[in-house]
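Residue numbers (the numbering used here), protein chains in the order written: chain A, 1 to 138; chain B, 1 to 553. In this text, a Cβ means the ideal position worked out from N, Cα and C, and glycines have one as well. Computed from a predicted model, the values in this text were never measured in an experiment. Contents: one structure, followed by commentary.
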């Protein structure tokens, strides 16, 4: 493994651990009351990200496999959540009309907070994995 | 996956998402600003009940529609012109509930070749707007109570609600109604005459609905004509306080007599012994809120020349002082059975006690009352410099700024003034502005973008806003700052006056006379509880005292 690869693995490990922590603290520490529709996807994403973070940081042999699963799960659920939030906003805007800048700002903030963790990061991980697999192995 | 593939997939996803979003938006949206093309729903109402309905398509037909039916004395013909409509997707009660805007939309259904219109008036009459349902541990607020609406429509169509939901084709629609409610009031119409009329109307509502023993009919339902069985003593005290203030300011003997009866009801029936002091309440545990509001009422009655309330007022003041902690906060409860104070706190009571102690000092001349009020106010407005959020998180506590205004000449508190100015700045952010909000909501305080605003939260904040305005004048704040505050206040008053029952949607009301002058909960909650006129007209009275009391009328 080259030094560059090693640095990327550590970076993804740290970022996945950070994402999982933000999700766990945000959903299970702050949001009340408990509701399975939010808790279950959040727990699944956090779990796979934590497992992949451990694998990457400890340089375990299954680390890339775990990273691939974590990235796909996060990416698919992330796209789904962002799509649902956007479609809900559009539906409510259609029903209620222009309901003011504050509501629009809150909706945009939710999207802006979700996209880096649930779409951008897993997409970068998947792209890196694809390139790794395409490279000839010694 | 290469970058190129990834970007291509991302573009496809964004494209699909935009297409779906635009399709949904343009399918469900309604243009409420259109000129009404029809059809026109013509309804005749008699004694609050729908007696006839006809749906017509042209202006020619409209002129003569239900002419004969509306001829009898007391019958009212109302025309609701449909300006736009949109489909409701699916056959799901959840989609119907989510697709309706409370207070503005009507529901159309086509079933087995027959059609029915549930207009905004029908939905108001049915009390079917806004319905909270539990989804897991969450509460979801729907635009209408779908079960109730489907039940009513199913009865009209002689079917059952499930069948109607399964086979009916639903649309929502917006209307322009020729009903004279809500009234068209703008801030320009906030004048000495309109303000005074509104106050007198609210006071007369309470006087009209007072029982022989001095208590009030607690809550009247304008849609059914029925009344609530429950009673609430702090709210009784608040209503008494408003009546006594109105009597003193407007020199109205009849209102003063009503206030005296209401004051005697509290004094004679609800005064208990809390340790060595008198207190107001019922049961084994009393709160200082009842005693504070009773004290406010007694002070006003005393100012009206009723000396019988002097001793009870001084006793209540002593009780409130005995409940105060060294840091200025109050112990909000007292256990009468065990004769001990309970050091627990809830919203409002500290502000009420502080304001009451400030008011009573004007008649007691006791420096202890003034000092207690001053310390209470300091406690209320203290904000930790270490908590940034203290400037952004606010409750609905509206007594603090009234205490500030009352204390200003005797114990001015600049920190409290800044606190109240900051709170009003937050309230300005929450104030609906038309456009984009509906004209009828302009000036009200938002409960959220998907719910109809309520009158009392707007009114209670207004009491504080006018008190802040009073101090802003007295403290010599810059005119620009005062203008902003006054504009905010007048817009909110216009909202309240729009919805006051003067005389209200009489076509929907079985007993309009009993409700006249009252303020309802909201545009869709047409109940009048005794504290609604107290807060709304109380704020107006404050403004009348500030802006017009010295003017010749």
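- Excluding its 5 nearest sequence neighbours in each direction, residue 87 of chain B has C-beta neighbours in its own chain below 7 Å: 27, 171, listed in chain order.
- No Cβ of chain A is located within less than 8 Å of the beta carbon of residue 149 of chain B.
- Shown here, residue 327 of chain B sits in coil according to DSSP, grouped into three states, outside any helix or strand.
- At a cut-off of 8 Å between beta-carbon atoms, residue 65 of chain A makes no contact with chain B.
- Residue 84 of chain B carries a strand assignment under DSSP once its states are collapsed to helix, strand and coil.
- With contact defined as three or more Cβ pairs closer than 8 Å, the stretch 437-447 of chain B and the stretch 361-379 of chain B are not in contact.
- Residue 141 of chain B is bridged by DSSP to B:132.
- Cβ contact annotation for residue 42 of chain B (same chain, cutoff 6 Å, sequence separation greater than five): 54, 65, 66, 79, in chain order.
- Residues of chain B with a Cβ closer than 7 Å to the Cβ of residue 41 of chain A do not exist; the shortest Cβ-Cβ separation is about 14 Å.
- Counting the other CB atoms within 10 Å of its CB gives residue 136 of chain B a total below 16, which places it among the exposed residues.
- Scanning B:437, B:347, B:37 for the CA closest to the CA of residue 396 of chain B turns up B:347.
- Inter-residue distance for residue 357 of chain B and residue 206 of chain B is about 26 Å (C-alpha atoms, whole angstroms).
- A straight line joining the alpha-carbon of residue 81 of chain B with that of residue 152 of chain B spans about 22 Å.
- Cβ proximity to chain B below 9 Å picks out 32, 33, 34, 35, 36, 37 from the stretch 12-41 of chain A.
- Put simply, the backbone Cα of residue 193 of chain B is about 13 Å away from that of residue 545 of chain B.
- The DSSP-derived three-state label of residue 228 of chain B is coil.
- A Cβ-Cβ separation of about 4 Å places residue 301 of chain B in contact with residue 309 of chain B under the 8 Å criterion.
- For residue 24 of chain B, the residues of chain A that pass the 8 Å Cβ criterion are 87, 90, 91, 94, in the order they occur in the chain.
- If you ignore the 5 residues before and after residue 488 of chain B, its C-beta comes within less than 6 Å of the C-beta of 428, all in its own chain and listed in chain order.
- Counting C-beta atoms within 10 angstroms of its own C-beta, residue 287 of chain B has 16 or more neighbours from the protein chains shown and is therefore classed as buried.
- Within chain A, the C-beta atoms nearer than 7 Å to that of residue 21 of chain B come from 86, 87, 90, in chain order.
- Across the stretch 111-135 of chain A, CB contacts with chain B closer than 7 Å involve 123, 126, 127, 130, in sequence order along the chain.
- When beta bridges are read from the DSSP output, residue 43 of chain B appears opposite B:53, B:78.
- In this structure, B:49 is the residue among B:216, B:49, B:58 with its C-alpha nearest to the C-alpha of residue 126 of chain B.
- Under the 8 Å criterion on CB atoms, residue 3 of chain A is classed as non-interfacial with respect to chain B.
- Taking the Cα positions, residue 458 of chain B is about 7 Å away from residue 492 of chain B.
- With its beta carbon at least 8 Å from every one in chain B, residue 107 of chain A lies outside the interface.
- CA-to-CA, the gap between residue 263 of chain B and residue 281 of chain B works out to about 13 Å.
- Pairing residue 19 of chain A with residue 117 of chain A gives a Cβ-Cβ distance under 8 Å.
- One finds 17 in chain B with Cβ atoms closer than 7 Å to the Cβ of residue 83 of chain A, taken in chain order.
- Sorting A:49, A:119, A:105, A:68 by C-alpha distance to the C-alpha of residue 82 of chain A places A:119 at the top.
- Spatial neighbours of residue 202 of chain B in its own chain (CB-CB distance under 6 Å, excluding positions within 5 residues in sequence) are listed in chain order as 517, 533, 537.
- Between residue 56 of chain A and residue 13 of chain A, the gap from beta carbon to beta carbon is short of 8 Å.
- DSSP, read as helix, strand or coil, puts residue 286 of chain B in strand.
- Cβ neighbours of residue 79 of chain A within its own chain (closer than 7 Å, five residues either side excluded): 119.
- Classified as buried, residue 464 of chain B has 16 or more neighbouring CB atoms from the shown chains inside 10 Å of its CB.
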